[in-house]
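Novice:
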Amino acid sequence: MNTSLDIIIHGVSHECAEASASAIVSEIKKLQMVIDRYNSEAETYRINRDAQHGTTAVSPLLTKYILQGMDYFRQTEGYFNIFGGEIYASLKHNNNPSPKIVGPRFRHPEEIIEINHNEGRLRFLQKGVSLDFGGIGKGIALDMAAEILNQMEIPHAFISFGGSSILTRGRHPHGPYWPFSFQDNTLDAEVWKLNNDAISVSAAHSGRAQKLHIWNYQQSQPIRQNIMACVQAECAADAEVLSTSLIAAPLDRHQHLTQQFHIKQWKVFKQKINR
């Protein structure tokens, strides 16, 4: 997932904790071989290469994630979009993407991708379609981790991808909940109390270089405001999708978007930029 992974498990034997952590890491590695767009051996890389030129085989698992992405597109009024990989790749290398790269234009995902479920094949119907699960991949991974924790009856756990995507189970070893606070001088006093929860934090600027990485397809431009969004939900994928959508969408759409998801709380605030 191109970031650090921290796993804390307590309330079980050392052997059980080790087995659970190993199972989670193993499943994440398998997931990466499905949804990684940059690894030439991954399925998404192959789909992006071949589906522009005709039908190509697609696994049931990747089909599931594509359909999930289509549902999220509808749910967020298009502010969350897994089909604009070329735009996101361009932003990764240049804050001002080439005007030649505009991404697909569509109202309904069925306009740009055709899936034959019986034969397990798909094709892209427009130029510029390119799958990118970067905005949801960590959420999918954390939901998979949650299933493993449940199967192995782990009562207390904390899993974090780089501090921005978090899954919790049970409670902290020294308290009734896992405390989450914002690294912002104006919000230091606020603590979110996590038990069986997922947290996603998204920002308009990413990494040490503070590059733009979220695209507003409604206006065909990157989000440049210094803002962050944080969402607490039971489903990690939901939290990831909504936090990204709250960055991409204008303020007057926030309330409507949050009502489309089962979430516990959310916040959008100004991002502190370190120059």
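FYI, in the UniProt record's numbering the residues of the sequence shown are 1 to 275.
Ideal placement from N, C-alpha and C gives every residue a C-beta, glycine not left out.
Any beta-carbon of chain D closer than 8 angstroms to the one on residue 181?
Specialist: Of the protein chains in the structure, only one exists, and it is not chain D.
Novice: Just the Cα atoms here: how many angstroms apart are residue 27 and residue 250?
Specialist: Looking at the two C-alpha atoms, the distance is approximately 36 angstroms.
Novice: Can you list, in chain order, the residues of its chain whose CB lies under 6 angstroms from that of residue 158, leaving out five sequence neighbours each side?
Specialist: Hits under 6 angstroms: 8, 168, 178.
Novice: Closest to residue 127 by CA distance: which of 51, 72, 172 is it?
Specialist: For residue 127, the nearest C-alpha among the options comes from 51.
Novice: Below 6 angstroms CB to CB, which residues in the same chain sit around residue 3 once its five sequence neighbours on both sides are set aside?
Specialist: Closer than 6 angstroms at Cβ, skipping near neighbours: 161, 162.
Novice: Mind reading off the beta-carbon distance from residue 24 to residue 148? Whole number of angstroms is fine, and I expect it under 8 angstroms.
Specialist: So it is a contact: roughly 5 angstroms between Cβ atoms.
Novice: Report back the beta-carbon spacing between residue 37 and residue 132 to the nearest angstrom; my notes put them in contact at under 8 angstroms.
Specialist: The Cβ separation is near 6 angstroms, so the contact holds.
Novice: Can you tell me whether residue 61 is buried or exposed? The criterion is at least 16 other CB atoms within 10 Å of its CB, across all chains shown.
Specialist: Under this definition residue 61 is an exposed residue.
Novice: In the DSSP assignment, the alpha helix (DSSP H) including residue 20 goes from what residue to what residue?
Specialist: Its alpha helix (DSSP H) spans residues 14-35.
Novice: What residues match up with residue 52 in a beta bridge as DSSP calls it?
Specialist: Its beta-bridge partners do not exist; DSSP assigns none.
Novice: How far does the alpha helix (DSSP H) with residue 138 in it reach, from first residue to last?
Specialist: Residues 137-151.
Novice: Could you give the residue range of the beta strand (DSSP E) that holds residue 169?
Specialist: From DSSP, the beta strand (DSSP E) with residue 169 extends over 165-169.
Novice: Under the three-state reduction of DSSP, which class applies to residue 129: helix, strand or coil?
Specialist: Residue 129: coil per DSSP, three-state reduction.
Novice: On a Cα-Cα basis, can you pick out the residue from 236, 202, 192, 29 that is closest to residue 245?
Specialist: The shortest C-alpha separation from residue 245 is found at 202.
Novice: When you compare only the Cα positions, how much space is there between residue 231 and residue 248?
Specialist: Looking at the two C-alpha atoms, the distance is approximately 14 angstroms.
Novice: Whose C-alpha, out of 227, 226, 238, is nearest the C-alpha of residue 197?
Specialist: If we check each option's Cα against that of residue 197, 238 comes out closest.
Novice: Could you give the distance in angstroms between the alpha-carbon of residue 117 and the alpha-carbon of residue 235?
Specialist: Rounded to the nearest angstrom, the two C-alpha atoms are 26 angstroms apart.
Novice: Starting from the Cα of residue 267, find the closest Cα among 195, 191, 214 and give me that residue.
Specialist: Of the listed residues, the one whose Cα sits closest to residue 267 is 191.
Novice: Cα-Cα, which of 82, 73, 164 is closest to residue 130?
Specialist: Of 82, 73, 164, the residue nearest in Cα terms is 82.
Novice: CA-CA distance, residue 113 and residue 63?
Specialist: For residue 113 and residue 63, the distance between alpha carbons rounds to 11 angstroms.
Novice: Identify the continuous beta strand (DSSP E) that holds residue 121 and give its terminal residues.
Specialist: Where residue 121 is concerned, the enclosing beta strand (DSSP E) stretches over 121-124.
Novice: Measuring CA to CA, which of 228, 67, 46 is closest to residue 57?
Specialist: Of the candidates 228, 67, 46, the one whose C-alpha sits nearest the C-alpha of residue 57 is 46.
Novice: Taking the DSSP output, what are the residues bridged to residue 228?
Specialist: Partner(s): 203, 269.
Novice: Report the residue from 171, 170, 164 whose alpha carbon sits nearest the alpha carbon of residue 181.
Specialist: Looking at the Cα atoms, 164 is the closest of the given residues.
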